[in-house]
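To start, the structure itself, in structure tokens.
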Amino acid sequence: MTVYRIHPIVTGTKVFDKGMMTYQHDYGTPYTIPIYVWYLEGGDQTILVDTGEMNPIQSADREQAIGGPIYTFEQGLARWGLKPEDIDIVLHTHLHNDHCENDYKCVNARFYVHEKELARIHAPHPLDFRYLEDYIEEVEEDGRIETLSADTQIAPGLSLIHTPAHTDGGMSVAVDTKDGLAVITGFCVIDENFNPPPAIRGMEMEVIPPGTVVNAYEAYDILRRVRDMADVLIPLHEPRFAAVDTIG
2 MTVYRIHPIV TGTKVFDKGM MTYQHDYGTP YTIPIYVWYL EGGDQTILVD
52 TGEMNPIQSA DREQAIGGPI YTFEQGLARW GLKPEDIDIV LHTHLHNDHC
102 ENDYKCVNAR FYVHEKELAR IHAPHPLDFR YLEDYIEEVE EDGRIETLSA
152 DTQIAPGLSL IHTPAHTDGG MSVAVDTKDG LAVITGFCVI DENFNPPPAI
202 RGMEMEVIPP GTVVNAYEAY DILRRVRDMA DVLIPLHEPR FAAVDTIG
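Start counting the sequence shown at 2; every next residue gets the next number (the numbering used here).
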């Protein structure tokens with residue numbers, strides 16, 4: 002059985018209202034999230050999940066807020082002896098700009114994206130300003146995007162699961178590790194979405210949907226499903242991983 006080690010690489014941050022993560026909860030609370038690239042070490046191909054921000058703000062204040070260092074894409078890959086041209090596969094959780102700004106640098110990679118996500122980036126709804134097709138035009142013109150319409154095994158021990166909680170084409174990444182099945186969520190959440198505080202649990206809510214959501218009711222059920230399938234749960238923007246070199 003192929004097993005992977007997951008390396009979180011912080012390639013950016015956002016400072017905003019915490020309610021952007023936690024639906025109907027903690028509005029008005031300032032919060033900083035890390036933006037990750039996840040390097041999946043294992044198997045016979047070099048694989049990333051998302052490519053992060055192109056020009057991250059690297060400041061002491063932001064590093065203190067997330068509890069770990071912030072890298073450029075190149076700096077982060079170099080920590081693991083890699084360069085952008087070494088990447089064989091990029092798995093996209095979704096195509097909001099902060100998850101795909103470095104796609105064009107991965108000149109030898111193939112990109113796996115849900116077909117609904119690709120459609121959305123070319124025709125975004127006015128409410129969703131986070132899509133910008135400029136970031137994928139080059140790889141799309143090169144014919145290096147593989148569109149998916151359902152859950153798909155990418156390689157032994159590695160699958161994409163359609164989880165349209167945050168976006169229509171959101172894909173969670175299920176990864177076999179020595180610690181069991183790890184799931185990198187295909188939607189923008191933190192630990193608290195899966196472990197609500199007592200006040201929220203007192204309202205009989207087991208999870209909190211993402212702050213930006215396609216359908217809140219469906220998102221609630223998707224979070225419960227992902228929580229229950231994972232031995233190792235990896236919320237996409239959880240700050241504690243900024244201080245972690247390896248998961249699994």
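Built from N, CA and C at the ideal position, the CB exists for glycine as well.
For clarity, every value in this text was computed on a predicted model and none was experimentally measured.
key: From L41, F17, M2 and A156, residue whose alpha carbon lies closest to that of I10   = L41
inquiry  = Taking 6 Å as the limit between beta carbons, can you name the residues of its chain near M21, skipping five residues before and five after?
reply    = G212
request  = Let me know the secondary structure DSSP gives R145 once reduced to three states.
outcome  = coil
request  = Please state if the CB of H238 and the CB of V190 are separated by a distance shorter than 8 Å.
outcome  = yes
key: Reference Q65, options P240, D232 and G249, closest by Cα   = P240
request  = Provide the residue span of the alpha helix (DSSP H) that contains A79, from first to last.
outcome  = F74 to A79
inquiry  = Can you look up E134 in the DSSP assignment and give me helix, strand or coil?
reply    = coil
inquiry  = Classify N103: buried if its beta carbon has 16 or more other beta carbons within 10 angstroms, exposed otherwise.
reply    = buried
task = Can you give me the start and stop residues for the alpha helix (DSSP H) that D177 sits inside?
result = Taken as a continuous stretch (DSSP letters only), D177 belongs to no alpha helix (DSSP H), being part of the beta strand (DSSP E) at M172 to T178.
inquiry  = I'd like to know if I67 contacts chain C, where contact means its C-beta is closer than 8 Å to some C-beta of that chain.
reply    = Protein chain content of the structure displayed is limited to a single chain, and chain C is not contained in it.
request  = Name the residue from L83, P125 and G82 whose alpha carbon lies nearest to the alpha carbon of F97.
outcome  = The sequence as given places His at residue 97; Phe does not occur at that position. Of the candidates L83, P125 and G82, the one whose C-alpha sits nearest the C-alpha of H97 is P125.
inquiry  = So the candidates are I137, Y113, T164 and E193; which of them puts its Cα closest to the Cα of A156?
reply    = Y113
inquiry  = Alpha carbons only, please: which of G68, Y24 and Q46 is nearest the one belonging to N36?
reply    = For the record, residue 36 in the displayed sequence is Ile; it is not Asn. The residue with the shortest Cα to Cα distance from I36 is G68.
key: Residues of its chain near A217, where Cβ-Cβ distance is below 8 Å and the 5 sequence neighbours each way are ignored   = Y24 and P210
query = Relative to the alpha-carbon of T47, which residue among D62, Y72, D18 and W81 has its alpha-carbon at the smallest distance?
reply = W81
ask   = Excluding the five sequence neighbours on either side, which residues of its own chain have a C-beta within less than 7 Å of the C-beta of Y58, listed in chain order?
value = Reading off the sequence shown, one finds Ile at residue 58, where the question assumed Tyr. So the list reads T14, once near-sequence residues are dropped.
ask   = Quick one: any contact between the stretch 130-144 and the stretch 189-208, if contact means 3 or more CB pairs under 8 Å?
value = no
task = Label V108 either buried or exposed according to how many other C-beta atoms from any shown protein chain fall within 10 Å of its C-beta, with 16 as the threshold for buried.
result = exposed
inquiry  = Let me check one thing: in DSSP terms, what residues is T33 bridge-paired to?
reply    = V16
key: Per-residue DSSP class, three states only, for Y28   = coil
ask   = Between the Cα of I122 and the Cα atoms of Y72, H95 and R225, which residue gives the shortest distance?
value = H95
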